[in-house]
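Visitor: As you go down the protein sequences, you meet chains A, B, C and D in turn. In case it helps, my numbering puts the first sequence at residues 11 to 297. In case it helps, my numbering puts the second sequence at residues 2 to 375. In case it helps, my numbering puts the third sequence at residues 248 to 534. In case it helps, my numbering puts the fourth sequence at residues 137 to 367. Just passing along the structure, written as structure tokens.
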Amino acid sequence: MVWLQLLVNGLVTGSALGVVAISFALIYATTKIFHVAHAGVYTLAGYLAWSLVSHGVPDVLALLLAILCCTALGALIQHQLYARLERRRATHLVVLIASLGALAVIQNVIAAVYSSNILQFPVPWSSRVVTVGTLRLNWAQILTVVLSVLAYAGTMWFAHRTILGKQIRAVASNPFLAEITRLRPQRIYVIVVAIGSAIVALPGVLVPLDLGLQPYGGVTPLLTATIAMIAGGVGSITGAFVLAVGIAVLQNLSLLVIPGEWSIGVTFFIFVIFMLFRPTGLFAKAR
Amino acid sequence: MIKVQGTRRAFAAVVTSVLLSGLLRPAMAADETIRLGAILPLTGPGAVVGTQEMRGIQFAMDAANAKGGVQGHKIEVIFEDNQAKPDVSVLSFNKLVDLQKVPMIFTGYSGPSLAMAPLATRKKILMINAGAQSDKLTKASPYLVNTLPSTGDEVAVMAKYLVQQGKKKAAVLFENDAAGIGGRDDFLELFPKAGGTILAQEAVQFGQTDYRPALLKLAAAKPDVLYVVITAGMVPLVQQLKQMNPDFLVAGTTFMADPAAIADPASNGIIHTQVQIDAPPELSAAFKAKYGDDMDFFARQYYNAAQIMLTVIDKVLSEKKPVTGENLHDTLFAIRKFQGLIPMEFKSNTATVPIGINKMENGKDVTLLQVTAE
Amino acid sequence: MDFLYSYIILAEVYVLLGLSTNLLVGIAGIFSVSQAAVFGVGAYLVAHFLMAESLGFIPALAIAAVACIVLNILVTLPALRVSGDYFVVTSFGIQLLATAVFTNWTNATGGANGLPGIPPPDVFGLPIESTGQFVILCSVAMAIGGLAFWLLMRAPFGRLLRAIREDELAVAAAGKNVLRAKVSAAALAGAFAGSAGGFYATFLSFVDPSSFDLDASILLLTMVVVGGARTLAGSVLGPFLLLALPQVLTLVDIPTSIAAAMRQLIYGVLLILFMLFRPQGLAGEKL
Amino acid sequence: MLLQLTGVAAGYGPKTVISDIALAVEPGQIVALLGHNGAGKTTTLRGIMGLLPLRAGAIAFDGKALDRVGVADRVAMGLRLLPEGRGIFPDLTVAENVEVVAARNIGPEATFGIADVYKLFPVLDERRATRAGSMSGGQQQMLAMSLAMLGTPRCLLLDEPSIGLAPNLVERMFQQVQQVCRSHGMAAVLVEQNVAAAMRIADRVVIMNNGQIVFDGSPDEARASNVWHYF
Chain A
11 MVWLQLLVNG LVTGSALGVV AISFALIYAT TKIFHVAHAG VYTLAGYLAW
61 SLVSHGVPDV LALLLAILCC TALGALIQHQ LYARLERRRA THLVVLIASL
111 GALAVIQNVI AAVYSSNILQ FPVPWSSRVV TVGTLRLNWA QILTVVLSVL
161 AYAGTMWFAH RTILGKQIRA VASNPFLAEI TRLRPQRIYV IVVAIGSAIV
211 ALPGVLVPLD LGLQPYGGVT PLLTATIAMI AGGVGSITGA FVLAVGIAVL
261 QNLSLLVIPG EWSIGVTFFI FVIFMLFRPT GLFAKAR
Chain B
2 MIKVQGTRRA FAAVVTSVLL SGLLRPAMAA DETIRLGAIL PLTGPGAVVG
52 TQEMRGIQFA MDAANAKGGV QGHKIEVIFE DNQAKPDVSV LSFNKLVDLQ
102 KVPMIFTGYS GPSLAMAPLA TRKKILMINA GAQSDKLTKA SPYLVNTLPS
152 TGDEVAVMAK YLVQQGKKKA AVLFENDAAG IGGRDDFLEL FPKAGGTILA
202 QEAVQFGQTD YRPALLKLAA AKPDVLYVVI TAGMVPLVQQ LKQMNPDFLV
252 AGTTFMADPA AIADPASNGI IHTQVQIDAP PELSAAFKAK YGDDMDFFAR
302 QYYNAAQIML TVIDKVLSEK KPVTGENLHD TLFAIRKFQG LIPMEFKSNT
352 ATVPIGINKM ENGKDVTLLQ VTAE
Chain C
248 MDFLYSYIIL AEVYVLLGLS TNLLVGIAGI FSVSQAAVFG VGAYLVAHFL
298 MAESLGFIPA LAIAAVACIV LNILVTLPAL RVSGDYFVVT SFGIQLLATA
348 VFTNWTNATG GANGLPGIPP PDVFGLPIES TGQFVILCSV AMAIGGLAFW
398 LLMRAPFGRL LRAIREDELA VAAAGKNVLR AKVSAAALAG AFAGSAGGFY
448 ATFLSFVDPS SFDLDASILL LTMVVVGGAR TLAGSVLGPF LLLALPQVLT
498 LVDIPTSIAA AMRQLIYGVL LILFMLFRPQ GLAGEKL
Chain D
137 MLLQLTGVAA GYGPKTVISD IALAVEPGQI VALLGHNGAG KTTTLRGIMG
187 LLPLRAGAIA FDGKALDRVG VADRVAMGLR LLPEGRGIFP DLTVAENVEV
237 VAARNIGPEA TFGIADVYKL FPVLDERRAT RAGSMSGGQQ QMLAMSLAML
287 GTPRCLLLDE PSIGLAPNLV ERMFQQVQQV CRSHGMAAVL VEQNVAAAMR
337 IADRVVIMNN GQIVFDGSPD EARASNVWHY F
């Protein structure tokens with residue numbers, strides 16, 4: 011029954027990765043910015059929550075405060091960095107490198123403040139194990155799946171049922187028309203990066219609750235999430251989420267047939283081949 | 002022509018900056034301070050280990066300087082961040098040696114140490130490695146001295162012990178880097194030699210703390226013992242092992258002995274070889290008070306290595322010899338036996354130190370038996 | 248002097264890589280983040296031939312260059328099929344795939360242990376052993392590379408590449424062979440990157456996967472952008488400046504326990520400021 | 137006078153595309169702005185919307201100088217642009233398209249509300265839940281027209297509204313434009329390739345060539361004149 015446990019583990023890590031993917035997809039589809047510094051926001055969320063919990067703040071409140079801080083940080087990055095670059099008509103490459111600079115700043119502030127040690131959350135309940143049949147999951151994993159699926163559902167509801175969500179999708183769909191119908195794209199960009207940062211704070215706290223915190227640990231999840239977003243079709247929240255879960259499950263199950271050190275390599279190999287044959291992604295709508 | 006001028010100005014800036022970086026520090030060389038170097042990964046994923054190593058060295062030097070230094074000379078260690086990359090290490094090495102005129106350099110990490118080893122030989126700069134255990138380091142350069150045994154020594158002790166205990170079927174979990182692969186290779190060679198069989202092996206990336214897939218796959222092979230060669234992320238490892246409720250023994254190397262992992266109840270019953278290096282409680286407490294972190298294995302190792310260097314420098318100075326890499330090297334082997342945190346003897350470039358087998362029990366690391374590896 | 252020499256040698260190797268990256272990204276408009284992978288293949292090939300003592304340095308370098316021409320054409324092929332950010336992500340995938348191969352194909356690359364003890368190069372029987380001789384060798388290589396780049400930019404081919412970058416459809420409509428031009432640019436970039444790998448491997452006498460990872464690819468891009476895209480001066484300035492920067496930053500006096508992180512932080516801030524206030528780089532054309 | 141351009145010049149990069157443009161539009165008037173490709177019609181519209189900075193001259197709307205008024209505020213004042221070929225949000229449904237634009241543009245005195253859209257174009261009513269980008273070109277253009285008119289439009293700037301439409305659809309759409317102008321006192325500047333259709337509803341004809349206005353008069357005068365060699 012190894013495969014079952016592997017499958018379930020894949021679903022757990024995949025759901026968290028899926029939330030990273032939808033947060034990035036929301037930002038990327040709207041602003042078209044390759045927001046690498048998102049990895050820094052993701053990492054910072056965990057450290058903020060860790061600090062709060064270590065100072066005796068209740069767990070739930072710590073999570074909410076971490077989300078709030080990340081929202082503000084996201085808005086700040088868009089408003090103070092990307093918007094300025096946009097006004098200077100910077101190219102993609104310039105924006106990407108500025109984003110890398112922002113990532114370096116966030117990561118190293120964390121490293122300077124918290125050191126590079128792997129930190130564990132001081133919450134004993136998270137590693138308590140629940141047994142369901144032959145499956146063994148801990149509370150951190152269970153919470154990760156539940157909250158991630160809720161985050162996905164919430165994001166879908168927000169994007170399709172609220173006027174702000176529709177406005178964001180409108181700006182993503184046709185920024186020029188948005189400008190001349192007073193949707194104020196610049197303001198929407200700030201909002202969408204803020205919301206994306208709020209969403210990514212959730213896995214940013216939940217994943218380290220299980221696996222520990224590292225200052226430089228955000229880049230690999232972000233890149234994998236990006237690949238999920240592209241393969242799922244840019245603009246499709248469901249595509250990003252489903253593909254992220256798929257990739258994680260595949261990486262877990264692939265261990266049954268290949269040595270683990272190759273699983274990342276194989277993932278990216280499949281992705282590169284995939285891009286050659288279906289570059290618009292699985293869930294992309296006909297255009 | 003504006004562009005050309007801009008280019009020229011930028012060139013000037015580069016040249017000036019390079020010259021500045023060279024000239025500023027030696028200007029202070031008139032005082033009596035003895036400068037040593039340390040090239041460690043202080044940013045990037047490897048910083049987990051590198052930062053502790055740096056603290057160990059600095060802690061020892063601060064203590065020595067507070068007591069007036071070595072024969073009136075203050076000791077300063079210049080830390081260079083190599084991000085665990087070989088090319089940056091070579092640049093840093095040349096910089097420390099050319100510009101700061103350091104006679105010795107602390108290193109860690111196999112790759113960077115191997116890249117610097119030929120330079121150390123050529124320039125007669127003593128390099129002390131107190132963290133990396135790759136077997137290749139033992140013969141890389143006469144000037145590269147390892148204050149801890151290579152993984153091979155630890156693995157030999159553990160392999161023999163495991164077979165004696167009747168744990169003859171093993172699975173191996175290793176980190177996919179020089180340290181982990183070295184340990185795995187040794188185990189793959191020595192465990193069958195001791196009479197055991199190896200059922201499966203699985204790698205994890207350094208710093209990746211989700212060990213579950215690999216653990217599940219290895220557990221499915223139904224081993225008597227899981228041999229672990231991983232350098233960081235011990236707490237998630239013991240928690241994930243505990244979550245699986247394994248019916249096999251877990252055995253590891255010195256790296257297992259992360260204080261936080263030992264303190265975690267999930268680590269109950271794990272055994273590991275231990276390069277004996279205990280810090281007295283008051284030293285650990287002072288370290289924790291200063292840095293807020295426990296004095297872990299790496300901090301103790303580099304603290305110990307720094308103590309060795311202080312002893313060697315003291316002897317060189319008392320013999321009225323200049324503090325050069327060659328003199329430090331010769332004096333180190335002339336002294337040969339050191340009594341730092343542990344007794345240590347240099348029969349070759351790699352120290353011979355006692356190795357123990359420890360068991361984690363109720364938040365404590367209990368020594369089961371002790372041997373001295375050859 | 249060895250510090251200055253080794254700085255110059257490494258910078259010159261990076262200049263060759265900078266020219267390669269500039270050719271692809273700045274001039275042909277193929278936004279590749281996998282140049283370090285090609286660089287690595289060149290390094291491993293030369294290391295292999297010299298360690299097996301089967302070939303001299305120059306023939307080994309030639310073979311590495313040819314292999315990297317082919318390889319670079321292959322890895323930039325997706326650029327012809329997918330465009331813009333899609334290719335960036337594909338390129339990320341290629342880079343991560345290459346890192347997996349370098350790390351795990353132990354028989355060929357030594358794996359994570361790397362290959363120590365690569366013999367020094369020889370030029371037609373004359374061994375290059377001292378750092379001083381190495382400076383001459385690399386300076387000659389850099390001069391040849393720079394001259395080739397400069398001549399190319401003045402030739403009709405250079406103008407064609409620039410036109411493609413400006414407006415690919417118009418060039419194609421004018422009956423020019425866009426595909427051939429892009430493939431040629433990729434080929435030349437591959438030759439530069441492959442030979443840079445040969446110099447790098449023999450100078451360090453040690454190679455391991457950490458020199459050819461995603462960080463290295465990003466460093467290359469940063470060098471080109473900070474130096475200045477599309478100009479020879481930019482390709483030279485960027486590597487020299489960015490290799491000097493960490494060394495200069497060690498002069499900033501910061502408490503040792505957080506110094507390294509603070510230096511990386513300053514590096515990030517400088518990148519951001521650069522992109523905000525001088526996005527064309529020190530000596531580049533506007534991106 | 138509702139909209140007045142005097143001595144306007146604008147362009148992209150080093151190139152000045154239009155210069156010395158003088159144009160006056162009265163309330164309720166439909167002005168057909170004609171000319172061949174590259175004559176500067178779209179550039180003129182972009183200049184009026186504030187999407188391009190002026191290099192010379194001035195634009196006044198409803199007697200107010202627009203030189204310090206941003207795009208969004210011009211829209212709020214009643215200037216509306218129907219951009220050529222990209223007047224809808226393709227990834228949203230028809231209803232969502234209407235909803236997002238209405239939310240930001242409909243005030244208490246709106247002359248054209250959500251109900252008016254579906255009354256004017258019943259086919260859109262049937263396709264409310266359809267993704268806008270998957271509709272036919274004609275339906276997309278109707279939606280684009282609706283989006284441009286939502287709220288209180290006072291001067292519609294229509295850039296090639298008939299492109300890709302069947303001839304009978306063009307006629308119907310133009311009649312609807314005319315009807316709205318008549319009933320709400322709205323003005324329209326109509327840039328068109330389909331000269332005949334445009335002339336049928338226009339109150340005035342302005343012809344551009346090489347970035348300059350070469351003719352300004354009634355449709356009858358235009359028919360009688362010798363300006364047609366510009367086409």
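Here a beta-carbon is modelled for each residue, glycine too, at the ideal position from N, C-alpha and C. These numbers were taken from a predicted model, which means no experiment stands behind them.
Name the DSSP bridge partner or partners of Pro374 (chain C)?
Guide: C:Asp369
Visitor: Spell out whether any CB of chain E is found under 9 angstroms from the CB atom of Asp198 (chain D).
Guide: Here chain E cannot be found, since the structure's protein chains are A, B, C and D.
Visitor: Any C-beta of chain A within less than 9 angstroms: which residues of the segment 217-239 of chain B qualify?
Guide: Of all residues in the segment 217-239 of chain B, Leu217, Lys218, Ala220, Ala221, Ala233, Gly234, Met235, Val236 and Pro237 have a Cβ within less than 9 angstroms of some Cβ in chain A.
Visitor: Entirely within the segment 65-115 of chain A and at least 4 residues each: give me those alpha helix (DSSP H) ranges in chain order.
Guide: 69-87 and 93-97
Visitor: Could you compute how far the alpha carbon of Ala161 (chain A) sits from the alpha carbon of His170 (chain A)?
Guide: In a straight line, the C-alpha of Ala161 (chain A) is about 14 angstroms away from that of His170 (chain A).
Visitor: I want to verify the contact list: residues of chain A whose CB lies under 8 angstroms from the CB of Ala64 (chain B), in sequence order.
Guide: Chain A residues near Ala64 (chain B): none, gap ~21 angstroms exceeds 8 angstroms.
Visitor: With 9 angstroms as the threshold, decide whether the Cβ of Val430 (chain C) is near any Cβ in chain A.
Guide: no
Visitor: Determine the direct distance from the alpha carbon of Thr353 (chain B) to that of Gln117 (chain A), and round the result to whole angstroms.
Guide: 40 angstroms
Visitor: Return the residue from the list B:Pro87, B:Asp187, B:Met361 and B:Asn83 that minimises the CA-CA distance to Asp455 (chain C).
Guide: The shortest CA-to-CA distance from Asp455 (chain C) to any of B:Pro87, B:Asp187, B:Met361 and B:Asn83 is the one to B:Pro87.
Visitor: For the pair the segment 231-239 of chain D and the segment 280-294 of chain D, tell me if three or more CB-CB distances fall below 8 angstroms.
Guide: yes
Visitor: Measuring alpha carbon to alpha carbon, tell me which of B:Pro237, B:Ser349 and B:Ala160 ends up nearest Thr139 (chain B).
Guide: B:Ser349
Visitor: So what does DSSP say about Ser272 (chain D), is it helix, strand or coil?
Guide: Of the three classes helix, strand and coil, the one that applies to Ser272 (chain D) here is coil, per DSSP.
Visitor: Cβ closer than 7 angstroms: which chain A residues qualify as neighbours of Gly223 (chain D)?
Guide: Leu187
Visitor: Distance cutoff 9 angstroms, beta carbons only. Does Asn127 (chain A) sit that close to anything in chain B?
Guide: yes
Visitor: Quick check: is the beta carbon of Leu318 (chain C) nearer than 9 angstroms to any beta carbon in chain A?
Guide: no
Visitor: Relative to the C-alpha of Tyr162 (chain B), which residue among B:Leu191, B:Lys96, B:Ser142 and B:Pro150 is closest?
Guide: The alpha carbon of Tyr162 (chain B) has as its nearest neighbour, out of B:Leu191, B:Lys96, B:Ser142 and B:Pro150, the alpha carbon of B:Leu191.
Visitor: Let's see if you can read the secondary structure: which residues bound the alpha helix (DSSP H) around Lys338 (chain B)?
Guide: Lys338 (chain B) -> not in any alpha helix (DSSP H); beta strand (DSSP E) instead, spanning Lys338 to Gln340.
Visitor: Using the Cα positions of Ile166 (chain D) and Arg99 (chain A), report the straight-line distance between them to the nearest angstrom.
Guide: 37 angstroms
Visitor: Would you call the segment 150-157 of chain D in contact with the segment 502-522 of chain C, where contact means no fewer than 3 C-beta pairs closer than 8 angstroms?
Guide: no
Visitor: Take every Cβ of the segment 503-515 of chain C, pair it with every Cβ of the segment 291-302 of chain C, and state whether three or more of those distances are shorter than 8 angstroms.
Guide: no
Visitor: Listed from N- to C-terminal order along the chain, which residues in the segment 89-117 of chain A have their beta-carbon within a distance smaller than 8 angstroms of any beta-carbon of chain B?
Guide: none
Visitor: Within the chosen definition, does the segment 401-416 of chain C reach the segment 272-292 of chain C through at least 3 CB pairs nearer than 8 angstroms?
Guide: yes
Visitor: Are there three or more Cβ pairs, one per stretch, closer than 8 angstroms when the segment 76-95 of chain B is compared with the segment 42-57 of chain B?
Guide: Touching, yes.
Visitor: Spell out the partners DSSP gives Asn359 (chain B) in its beta bridges.
Guide: BP columns for Asn359 (chain B) point to B:His273 and B:Thr368.
Visitor: Going by DSSP, name the residue or residues bridged to Tyr228 (chain B).
Guide: B:Val173 and B:Ala252
Visitor: Is Met2 (chain B) buried or exposed, if buried means 16 or more other CB atoms sit within 10 Å of its CB?
Guide: Confidence at Met2 (chain B) is low in this model, with a pLDDT of 32, below 50, so the placement of that residue is unreliable and no value is reported for it.
Visitor: From Trp364 (chain D) to Asn184 (chain A), what distance separates their C-alpha atoms?
Guide: Cα to Cα, Trp364 (chain D) sits roughly 37 angstroms from Asn184 (chain A).
Visitor: Do you know offhand how far Val367 (chain B)'s Cα is from Asn359 (chain B)'s?
Guide: 5 angstroms
Visitor: Per DSSP, what kind of secondary structure is Gly445 (chain C) in: helix, strand or coil?
Guide: helix
Visitor: Could you list which residues in chain B have their beta carbon closer than 7 angstroms to that of Asp455 (chain C), in chain order?
Guide: What Asp455 (chain C) touches in chain B: Pro87 and Gly112.
Visitor: Between the C-alpha atoms of Ser281 (chain C) and Ser464 (chain C), what's the straight-line distance to the nearest angstrom?
Guide: 6 angstroms
Visitor: Counting Cβ pairs, one atom from each stretch, are 3 or more of them under 8 angstroms apart for the segment 241-260 of chain B and the segment 297-308 of chain B?
Guide: yes
Visitor: By the 10 Å Cβ neighbour count, where 16 or more other Cβ atoms means buried, how is Pro282 (chain B) classified, buried or exposed?
Guide: exposed
Visitor: Between the C-alpha atoms of Val350 (chain D) and Gly84 (chain A), what's the straight-line distance to the nearest angstrom?
Guide: Between Val350 (chain D) and Gly84 (chain A), the alpha-carbon positions lie close to 52 angstroms from each other.
Visitor: Would you mind reading off the limits of the alpha helix (DSSP H) that contains Asn148 (chain A)?
Guide: It is not in any alpha helix (DSSP H) - Asn148 (chain A) instead sits in the beta strand (DSSP E) that spans Leu145 to Asn148.
Visitor: Compare the beta carbon distance of Phe257 (chain D) and Leu279 (chain D) with 9 angstroms and say whether it is the shorter of the two.
Guide: yes
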